[in-house]
Amino acid sequence: MAVNRRKVGALVCALLATAAAASVAAASHTSTPGVSKNKIVIGGTFPLTGFASAYKTIPAAEAAYYAYVNAHGGVFHRKITDIILDDQYDPSQTVPQTTKLVEQNHVFAVVGSLGTAPILSTWNYLNKNKVPQVLVATGDAYWGNCVHHGCQGSTKPWTLGWQPDYPSEAKLYAHYILAHKASAKIGVLYQNDAYGKNYLAGLKTGLGSHAGQIVDAESYNFGDSAQVIAAHVVKLRAVGADTFVIFATPTATIQSLVARTLIGWSPLTFVNNVSANRVFELAAAKSGANLDGIISTGYVASQTLQPNLPGMKLAKQIIHTYQPALDQDFAAGDLNLVYGLASAWTFVDALKHAGKNLTRAGLMKALRHMNEPKNPFVYPGISIKTSAKRTFPMEQLVMTKWSGGASGDWHPFGKIVNVGH
Amino acid sequence: MKRRLPALVSLLAVCGVLAALPFLLGNYNVSLAARVGIYFIAVLGLNILTGYTGQISIGHGAFMAVGGYTTAVMSRDHHTSLILTMLLAFAICFVLGLLVGLPALRLSGVYLALATFAFAVSVPQLPLKWSKFLGGRDGVQTSRTVSHTWLYGAAWTASATLFVLAWLILRGRVGRAFRAVRDSEIAAVASGIELPVYKTLAFGISAAYAGVAGSLFVLATNGFAAPDEFGVVLSLQLLVGAAVAGLGSLWGVLAGAVFVGLLPTVSSSVPVIGSNHGRDVVFGAAVVLVMLLLPGGFAGLLARLRRFAGA
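Quick mapping for you: the protein sequence lines, in order, are chains A and B. Number 507 marks the last residue of the first sequence (the working numbering); no jumps. Number 793 marks the last residue of the second sequence (the working numbering); no jumps.
This is the structure in structure tokens:
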């Protein structure tokens, strides 16, 4: 009996001690969270493991760019610390990880977090607490549309996108079809969620009165097997489509490109930008896909096609110095690395414009008044701009076409196109 | 009475610590403690089914999904009080549990586990099927979100209530019937226990608990319900929690809940050299260690300590 009571006492003491230690650890922060005389702490959530982990080179490149900036004196003598947390693309993990960033790591801002559902699960929380949630790595139109219009109950002025939005991109493909193949019978394969549906809606808007030329739109669910994807491709061919538009995520895109070749189908084909990353197409080619002539779009510079751009030379040097393990990936043409560098460049640029007395409101003001004509990692000529009215930072794209077969690349053609809202 | 005293003292001590925690912990740690409370409810429910009645389920993540979507949809469409949606989740999942329990009458062991596994795999697909109503992959957002402290209070109040309820159920006739079913179905039938009634009842109660946990789980995710949150891994985590707790004991549940509620978060900051998989490695290693060192879970450890103290 006595032993028991002592045991319980010890247990209680241990628990209390742990609790006290934890609360002391959590209690130190300055006026602007995450900012001190010589340090800026930021963070983001990414799928480092799990089914979407192909994107993990984005935060790696961002970290490399911050390391490069730090090695060159930082921003106003402040070094950037970037805390990268894994959420496996699962909102129920994004939330505690983001809470941890804000309430335990006391980050200044949440920068570059990836994925539509993860952002949707945290934007109410971050906007309520006035924590910047910026340069999110997803092209849904919410991030631009919900700055002034209420979404899920309130406006979201603390959330900002970066890349061109999906519906605008889809409109470009529509315009191309109308200009070059006016009588096209269009077959669409799209992912069954807002991502795929936003693309499809953009395509219909772009086609306008010709939307009836979409003879079939097949949807697949994220994670469907190659057989399921192939069955959709076969169906699109069977209904007589002569133009094939793929609004999918990389794995499904690769599978549908392979299926397209295997059934001997060669329609005019479009692949959306998310899947138009050379490493993915090389993987498709390895499985037998014939890729020549496929059309897509781009907005970052290409390290494989434009190696002599100053920005691409710098990119190569930064990756080599700070993420040498990714040298090979960079050489193979992984555009996500360039994406990460470009996004981090924008953030550092905004920090500079926000000035010495860094505050969260100051950062948002800088990000809402950007004028970046020359981000060295973005496709030359494409600029990043924001204003009180303009809430989509990037509104330009360049069309690209695959040529060179199994060791080919995405070659830009034509002028840079404005897709303004 | 004398026999019960230690249990009562430790129960009061645990309650006292839980009541004091929000004042001692930082805001972020309160959110973690709330998360433990949510897992406590789910693991407790699973323990009633698997530990006391001997029916294995790898499908409790699906019941959590149903509970979670109940809260999210009711709040989105009707601004229903969140507490009320929890009760609703309890009721809906109870009925659903009874229905899912029906196959359990014919299946047992591995086959039952597989059937519930199929349930866990298929339920998160439903929001994709009815994406207008259930939000598809972009999820459903509640009309109201709650603070960490609110969540902590709600989670542990629900935990305490459901713990007492479980204790009341298990100490009496129903509990004896559950244990008899677990130990030998034939002997149970021979003693006049109606197998179909008690098996489905265990499923119902257990699912209702998971429903409440799911409801709170969505509130802990800033009121955002999406299919990716309720993957198969969640169901497996609950089973791990129940095993760590020790099957067939209420006291170990707290340890099991702490294990699955905190370890993944804590271990994600453990650096494992050259790997992003630190969390999975640490979690896996911890599971193996616990199973090796404490085959009876924490409940087994407690029993051994008690014997040791008594000797």
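All C-beta atoms, glycine included, are put in the ideal place defined by N, C-alpha and C.
Cutoff 7 Å: A/E481 Cβ touching any chain B Cβ
As a working mapping, residue 481 of chain A is identified with position 395 in the first sequence. Taking Cβ atoms only, chain B never reaches closer than 7 Å to A/E481, which makes this a no.
B/T552 to B/S697, Cα distance in whole Å?
Taking the first residue of the second sequence as position 1, residue 552 of chain B is located at position 70. Taking the first residue of the second sequence as position 1, residue 697 of chain B is located at position 215. Spanning the two alpha carbons is a distance of roughly 7 Å.
In the DSSP assignment, find the beta strand (DSSP E) that holds A/Y33 and state where it starts and stops.
Residue 33 of chain A lies beyond the range of chain A shown here (87 to 507); nothing can be said about it.
Please state the DSSP three-state secondary structure of B/S590.
Within the second sequence, residue 590 of chain B is the residue found at index 108, counting from 1. Three-state DSSP puts B/S590 in coil, outside helix and strand.
Could you name the residues of chain B that A/T202 contacts, counting a contact when the two beta carbons are closer than 7 Å?
The residue you call residue 202 of chain A lines up with position 116 of the first sequence. Under the 7 Å cutoff, chain B gives D620.
Given a limit of 9 Å on CB to CB distance, which residues of the stretch 702-718 of chain B reach chain A?
A702, T703, N704, G705, F706, A707, A708, P709, D710, E711, F712, G713, V715 and L716
Check each candidate in A/F416, A/V121 and A/T477 and name the one with the smallest Cα separation from A/Q249.
The residue labelled residue 249 of chain A in the question sits at position 163 within the first sequence. By alpha-carbon distance to A/Q249, the top candidate from A/F416, A/V121 and A/T477 is A/T477.
When the Cα atoms are used, what is the spatial distance from A/V505 to A/Y285?
To locate residue 505 of chain A, count along the first sequence from 1; it is residue 419. To locate residue 285 of chain A, count along the first sequence from 1; it is residue 199. Annotation: A/V505 to A/Y285 spans about 14 Å, alpha carbon to alpha carbon.
Kindly list the residues whose CB is nearer than 7 Å to the CB of A/A100, restricted to its own chain and excluding five residues on each side of it in sequence; keep chain order.
Within the first sequence, numbered from 1, the residue matching residue 100 of chain A stands at position 14. Bear in mind that the predicted position of A/A100 carries a pLDDT of just 47, short of 50, making it too unreliable to give a figure here.
Cross-chain neighbours of A/V181 in chain B, by beta carbon under 8 Å
Taking the first residue of the first sequence as position 1, residue 181 of chain A is located at position 95. Within 8 Å Cβ-Cβ: A702, T703, N704 and F706.
Closer than 7 Å, Cβ to any Cβ of chain B: which residues of the stretch 271-285 of chain A, in chain order?
Flagged, chain order: N278, D279 and A280.
When the Cα atoms are used, what is the spatial distance from A/K321 to A/S373?
Translated into positions along the first sequence, residue 321 of chain A becomes position 235. Translated into positions along the first sequence, residue 373 of chain A becomes position 287. The alpha-carbon separation between A/K321 and A/S373 amounts to approximately 21 Å.
Which whole runs of the beta strand (DSSP E) in the stretch 195-257 of chain A are 3 residues long or more, in chain order?
Whole beta strand (DSSP E) segments, 3+ residues: 195-197.
Integer Cβ distance of B/I523 from B/S688, believed to fall under 8 Å:
Looking up residue 523 of chain B in the second sequence gives position 41. Looking up residue 688 of chain B in the second sequence gives position 206. About 11 Å; that fails the 8 Å criterion.
Within the stretch 351-413 of chain A, ranges of the beta strand (DSSP E) (whole runs, at least 3 residues):
354-357 and 381-384
Which runs of the alpha helix (DSSP H), 4 residues or longer, sit entirely within the stretch 683-727 of chain B?
714-727
Write down the C-beta distance between A/T184 and A/V196 rounded to the nearest angstrom, noting that I regard them as a contact closer than 8 Å.
Residue mapping note: residue 184 of chain A aligns to position 98 of the first sequence, counting from 1. Residue mapping note: residue 196 of chain A aligns to position 110 of the first sequence, counting from 1. About 6 Å; that satisfies the 8 Å criterion.
Strictly by DSSP, which residues pair up with A/T329?
Looking up residue 329 of chain A in the first sequence gives position 243. A/I272 and A/L354.
Does DSSP put A/W488 in a helix, a strand or coil?
As a first step, residue 488 of chain A is located in the first sequence; it is residue number 402 there, counting from the start. Three-state result, A/W488: strand.
Assess contact between the stretch 260-269 of chain A and the stretch 233-240 of chain A, defined as three or more Cβ pairs (one per stretch) separated by less than 8 Å. Is contact present?
No: the two stretches stay apart, fewer than three of their Cβ pairs being nearer than 8 Å.
Per DSSP, which one or two residues make a beta bridge with A/G130?
For this step, residue 130 of chain A is matched to residue 44 along the first sequence. According to DSSP, A/G130 bridges with A/I170.
If I measure Cβ to Cβ from A/V121 and keep anything under 6 Å in the same chain, skipping five residues before and after, which residues do I get?
Position 35 of the first sequence holds residue 121 of chain A. Counting only Cβ-Cβ distances below 6 Å, and skipping sequence neighbours, we find F194 and L444.
Does the stretch 198-209 of chain A come into contact with the stretch 726-745 of chain B, if we say contact requires no fewer than three beta-carbon pairs (one atom in each stretch) closer than 8 Å?
These segments do not touch.
Alpha-carbon spacing of A/A411 relative to B/S629, whole angstroms
Here residue 411 of chain A refers to the residue found at position 325 of the first sequence. Here residue 629 of chain B refers to the residue found at position 147 of the second sequence. In a straight line, the C-alpha of A/A411 is about 42 Å away from that of B/S629.
Helix or strand or just coil, what does DSSP make of A/A447?
Taking the first sequence and counting its residues from 1, one reaches residue 447 of chain A at position 361. Per DSSP, reduced to three states, the secondary structure at A/A447 is helical.
Under the three-state DSSP convention, the category A/P177 falls into:
Residue 177 of chain A sits at position 91 when you count from the first residue of the first sequence. Residue state, collapsed to three classes: helix.
When DSSP builds the beta bridges, which residues end up paired with A/N457?
Here residue 457 of chain A refers to the residue found at position 371 when the first sequence is read from its first residue. DSSP lists A/K471 as partners of A/N457.
Considering A/P145, what are the terminal residues of the alpha helix (DSSP H) in which it resides?
Taking the first sequence and counting its residues from 1, one reaches residue 145 of chain A at position 59. Unbroken alpha helix (DSSP H) run through A/P145: T143 to A157.
If we call anything under 7 Å between Cβ atoms a contact, is B/N704 one with A/N191?
Along the second sequence, read from residue 1 onward, the residue named residue 704 of chain B stands at position 222. Along the first sequence, read from residue 1 onward, the residue named residue 191 of chain A stands at position 105. The answer is no: Cβ separation not under 7 Å.
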